[in-house]
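What follows is a single structure, written as structure tokens, with notes after it.
Protein chains in written order, with my numbering: chain A, -1 to 245; chain B, 1315 to 1552.
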């Protein structure tokens, strides 16, 4: 048996060595890792406006530089809103973490808004977050200039069942089915309903995924509630025109 | 424990990569495969094998961890106090796993996201600690390193085989998420076999069970069945 002193010395030396090695490695990789994460998140946002980026542009195939270029101030406005629809000065949408915002009181949340100006018409990208069957789900919804028609949508999830709930991300047909739907019905924001068994209303509903009813309901609920957060801003924007944005 | 440990070599001079080393490397591939024979590391084999590319990354990560944890443990084996040897082994494994995680974040963030918790869970993969206890604590560094690599490769081999079947029959694609993604069979013109037009395959649809972890259990089961039918020596082992 070894003496206690030996054991303590051995363990201390081991711990210090490991700490120095890992700390050093982390320092070295930190910057690139943060940048990778940033680009990963930006790709997720871009995939909701894939059709607006030009013909045959696939977000997957864009290089990192192209992604950053699309997010440059010339192509993309980044705005942060409060729950009353006011633009908060000096804040960038990319610094808003929806997972953190969701834990705050509803009245204190901040909303990220991206406005893509690279195309013929402005596209407004709203972020929503809600609950699926097992864990959180989230998505980005792009609205056309009329602020009601969906230009594109992209969803992601933390732990939905592969092949069932996870189809909201994996099956491109699901997110494509949102294209052209309208979130407003006669002046009232209704969101988009994911209907089990197939959409009945061709304007405000999409087909559910068979076997993923709870995830589908989660998407409907997330869209209705999440988009309503943006309603004050959207109605201001409709009345005031685009001057609001250029503040 | 160290019962299964191979006796330290008696001879003074041995080739760097001789017959014994070859056996150390090839044995875990089939006859002593960690998953199908020792039944270790099954959890992650079920969880990460729905696509081939993440499985390959996972396999490389595990080979790295088993190889180098065996090497370092073996180098320290005469200094590690017996009272805390498992803690020391865990620290070594955890360090290597953290390095893998940092490297993935640095080089390929989407795959890091895809594998999520399973990279961290390599720490709990029984293969790693099993080899440290059974082999590395009683053998010289070089042979321990080879043994670790061999076991990692044996694990990765099963992972990729399972993922191959799950991806082809579950999603109709192969190597999805990489530069050489292939679309094998599916209901649109993007696929090699277009089930919506090809009369012979009009009945075919992707099998949703293959996407679920349970399918991996079936595939591993079939693999074990074939393996033991061909090699009756294995039947009584476990």
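Here a beta-carbon is modelled for each residue, glycine too, at the ideal position from N, C-alpha and C.
(message) On the CB-based measure, 16 or more other CB atoms within 10 Å of its CB, does residue 246 of chain A come out buried or exposed?
(response) The first residue shown for chain A is -1 and the last is 245, placing residue 246 of chain A beyond what the model contains.
(message) Quick check on the DSSP output: what are the complete alpha helix (DSSP H) runs of length 4 or more inside the region 158 to 226 of chain A, in order along the chain?
(response) For the region 158 to 226 of chain A, whole alpha helix (DSSP H) runs of length 4 or above, ordered along the chain, are 165 to 168, 170 to 174.
(message) So, under 8 Å CB-CB, residue 189 of chain A and residue 221 of chain A are touching, yes? Tell me the CB distance rounded to an integer number of Å.
(response) Position 191 of the first chain, counted from the start, is the residue given in the question as residue 189 of chain A. Position 223 of the first chain, counted from the start, is the residue given in the question as residue 221 of chain A. Going by Cβ atoms, the distance from residue 189 of chain A to residue 221 of chain A rounds to 4 Å, so yes, they are a contact pair.
(message) Run through chain B and tell me which residues come within less than 9 Å of residue 9 of chain A, C-beta to C-beta.
(response) Translated into the one-based positions of the first chain, residue 9 of chain A becomes position 11. Going along chain B in sequence order, the residues near residue 9 of chain A (Cβ under 9 Å) are 1395, 1398, 1401, 1402, 1405.
(request) Take residue 191 of chain A and list the residues in its own chain whose beta-carbon comes closer than 7 Å to its own, dropping the five residues that flank it on each side. (result) If you number the first chain from 1, residue 191 of chain A lands on position 193. Closer than 7 Å at Cβ, skipping near neighbours: 202, 203, 218.
(message) Quick check: is the beta carbon of residue 1438 of chain B nearer than 7 Å to any beta carbon in chain A?
(response) Numbered from 1 along the second chain, position 124 holds the residue referred to as residue 1438 of chain B. Not a single C-beta of chain A is nearer than 7 Å to the C-beta of residue 1438 of chain B.
(message) Within 7 Å of any Cβ in chain A, is that where the Cβ of residue 1364 of chain B sits?
(response) Along the second chain, read from residue 1 onward, the residue named residue 1364 of chain B stands at position 50. So, interface residue.
(request) Output yes if chain A places a C-beta closer than 7 Å to the C-beta of residue 1575 of chain B; else output no. (result) Lying outside 1315 to 1552, the shown extent of chain B, residue 1575 of chain B is not represented and no answer is given.
(request) Report the rounded CA-to-CA distance for residue 2 of chain A versus residue 10 of chain A, giving the unit in angstroms. (result) The residue given as residue 2 of chain A occupies position 4 in the first chain. The residue given as residue 10 of chain A occupies position 12 in the first chain. Roughly 12 Å between the two C-alpha positions.
(message) To the nearest angstrom, how far is the alpha carbon of residue 1382 of chain B from that of residue 1346 of chain B?
(response) Looking up residue 1382 of chain B in the second chain gives position 68. Looking up residue 1346 of chain B in the second chain gives position 32. The alpha-carbon atoms of residue 1382 of chain B and residue 1346 of chain B are separated by roughly 20 Å.
(message) With a threshold of 8 Å, are at least 3 pairs of Cβ atoms found where one atom belongs to the region 79 to 88 of chain A and the other to the region 105 to 120 of chain A?
(response) Taking a contact to require three or more Cβ pairs closer than 8 Å, the region 79 to 88 of chain A and the region 105 to 120 of chain A qualify as touching.
(message) Which runs of the alpha helix (DSSP H) at least 4 residues long sit entirely within the region 1440 to 1494 of chain B? Give them in chain order.
(response) For the region 1440 to 1494 of chain B, the continuous alpha helix (DSSP H) assignments of 4+ residues that do not extend past its boundaries occur at 1440 to 1448, 1455 to 1485, in sequence order.
(request) Assign residue 1527 of chain B to one of three DSSP states: helix, strand, or coil. (result) In the second chain, counting from the first residue as 1, residue 1527 of chain B sits at position 213. Looking at residue 1527 of chain B - three-state DSSP - the assignment turns out to be helix.
(request) Determine the direct distance from the alpha carbon of residue 1387 of chain B to that of residue 1406 of chain B, and round the result to whole angstroms. (result) Translated into positions along the second chain, residue 1406 of chain B becomes position 92. Translated into positions along the second chain, residue 1387 of chain B becomes position 73. If you take the alpha carbons of residue 1406 of chain B and residue 1387 of chain B, they lie about 8 Å apart.
(request) Examine chain B for any beta-carbon lying closer than 7 Å to the beta-carbon of residue 31 of chain A, and answer yes or no. (result) Within the first chain, the letter at position 33 stands for residue 31 of chain A. Chain B, which has a Cβ nearer than 7 Å to the Cβ of residue 31 of chain A, makes this yes.
(request) Go ahead and pull the three-state DSSP assignment for residue 1541 of chain B. (result) Position 227 of the second chain, counted from the start, is the residue given in the question as residue 1541 of chain B. In this structure, residue 1541 of chain B counts as helix in the three-state DSSP scheme.
(request) Step through the CB atoms of chain B and report whether any lies within less than 7 Å of the CB of residue 211 of chain A. (result) One-based indexing of the first chain puts residue 211 of chain A at position 213. Not a single CB atom of chain B sits nearer than 7 Å to the CB of residue 211 of chain A.
(request) Tell me where the alpha helix (DSSP H) around residue 230 of chain A begins and ends. (result) For the purposes of this step, residue 230 of chain A is taken as the residue at position 232 of the first chain. Start and end: 229 to 238.
(message) Can you look up residue 1511 of chain B in the DSSP assignment and give me helix, strand or coil?
(response) The count along the second chain starts at 1 and reaches residue 1511 of chain B at position 197. Three-state result, residue 1511 of chain B: coil.
(request) Answer with yes or no whether the minimum CB distance from residue 1518 of chain B to chain A is below 7 Å. (result) Here residue 1518 of chain B corresponds to residue number 204 of the second chain, with the count starting at 1. No, residue 1518 of chain B does not count as interfacial toward chain A.
(request) Apply the 10 Å Cβ neighbour rule to residue 13 of chain A and answer buried if 16 or more other Cβ atoms are within range, or exposed otherwise. (result) Here residue 13 of chain A refers to the residue found at position 15 of the first chain. Flag for residue 13 of chain A reads exposed.
(request) With 7 Å as the limit, tell me which residues of the region 1405 to 1421 of chain B have their beta carbon closer than that to any beta carbon of chain A; keep them in chain order. (result) The region 1405 to 1421 of chain B vs chain A, Cβ under 7 Å: 1405, 1409, 1412, 1413, 1416, 1419, 1420.
(request) Tell whether a beta-carbon distance below 7 Å holds between residue 130 of chain A and residue 216 of chain A. (result) By 1-based counting over the first chain, the position of residue 130 of chain A is 132. By 1-based counting over the first chain, the position of residue 216 of chain A is 218. In terms of Cβ geometry, residue 130 of chain A and residue 216 of chain A form a close pair [threshold 7 Å].
(request) Report yes if the C-beta distance between residue 1520 of chain B and residue 1380 of chain B is below 7 Å; otherwise report no. (result) For the purposes of this step, residue 1520 of chain B is taken as the residue at position 206 of the second chain. For the purposes of this step, residue 1380 of chain B is taken as the residue at position 66 of the second chain. No; because the gap between Cβ atoms is not below 7 Å, this pair is not in contact.
(message) Please give me, in chain order, every unbroken run of the alpha helix (DSSP H) with length at least 4 that falls completely inside the region 1372 to 1448 of chain B.
(response) Qualifying alpha helix (DSSP H) stretches, in chain order: 1399 to 1421, 1423 to 1429, 1431 to 1434, 1440 to 1448.
(request) Could you tell me whether any Cβ in chain A is nearer than 7 Å to the Cβ of residue 1469 of chain B? (result) Against the second chain, residue 1469 of chain B aligns to sequence position 155. Against chain A, the CB of residue 1469 of chain B has no partner CB under 7 Å away; the residue lies outside that interface.
(request) Using a threshold of 7 Å, state whether the C-beta atoms of residue 110 of chain A and residue 91 of chain A are closer than that. (result) Counted from its first residue, the first chain places residue 110 of chain A at position 112. Counted from its first residue, the first chain places residue 91 of chain A at position 93. Against a cut-off of 7 Å, the Cβ pair of residue 91 of chain A and residue 110 of chain A comes out as a contact.
(request) In the DSSP assignment, find the beta strand (DSSP E) that holds residue 139 of chain A and state where it starts and stops. (result) By one-based count along the first chain, residue 139 of chain A stands at place 141. Looking at the DSSP string, the run of the beta strand (DSSP E) that includes residue 139 of chain A is 134 to 141.
(message) Rounding to the nearest angstrom, what Cα-Cα distance links residue 1348 of chain B and residue 1472 of chain B in this structure?
(response) Here residue 1348 of chain B refers to the residue found at position 34 of the second chain. Here residue 1472 of chain B refers to the residue found at position 158 of the second chain. Those two C-alpha atoms are separated by around 9 Å.
(message) Taking 7 Å as the threshold (beta carbon to beta carbon), is residue 147 of chain A in contact with chain B?
(response) Locating residue 147 of chain A in the first chain gives position 149, where the first residue counts as 1. No, no contact with chain B.
(request) If I'm right that residue 1402 of chain B touches residue 1394 of chain B with Cβ under 8 Å, what's the distance once you round it to whole angstroms? (result) Position 88 of the second chain, counting from 1, holds the residue named residue 1402 of chain B. Position 80 of the second chain, counting from 1, holds the residue named residue 1394 of chain B. Correct: roughly 5 Å between the Cβ atoms.
(request) Check the Cβ-Cβ distances between residue 1376 of chain B and every residue of chain A, and say whether any is below 7 Å. (result) Along the second chain, one-based indexing puts residue 1376 of chain B at 62. No Cβ of chain A is located within less than 7 Å of the beta carbon of residue 1376 of chain B.
(message) Could you check whether the Cβ of residue 1522 of chain B sits closer than 7 Å to any Cβ belonging to chain A?
(response) Taking the second chain and counting its residues from 1, one reaches residue 1522 of chain B at position 208. Yes - at least one Cβ of chain A is within 7 Å of the one on residue 1522 of chain B.
(request) Starting from the beta carbon of residue 4 of chain A, find every residue of chain B whose beta carbon is closer than 8 Å, and list them in chain order. (result) As a position in the first chain, residue 4 of chain A is number 6, starting the count at 1. Close to residue 4 of chain A, with beta-carbon spacing below 8 Å, are these residues of chain B in chain order: 1395.
(request) Compile a chain-ordered list of the residues in the region 12 to 30 of chain A whose CB is closer than 8 Å to at least one CB of chain B. (result) Answer in chain order: 12, 13, 16, 19, 20, 23, 24, 27, 30.
(request) Work out the CA separation of residue 1408 of chain B and residue 1469 of chain B for me, nearest whole Å. (result) In the second chain, residue 1469 of chain B corresponds to position 155, counting from 1. In the second chain, residue 1408 of chain B corresponds to position 94, counting from 1. Roughly 19 Å between the two C-alpha positions.
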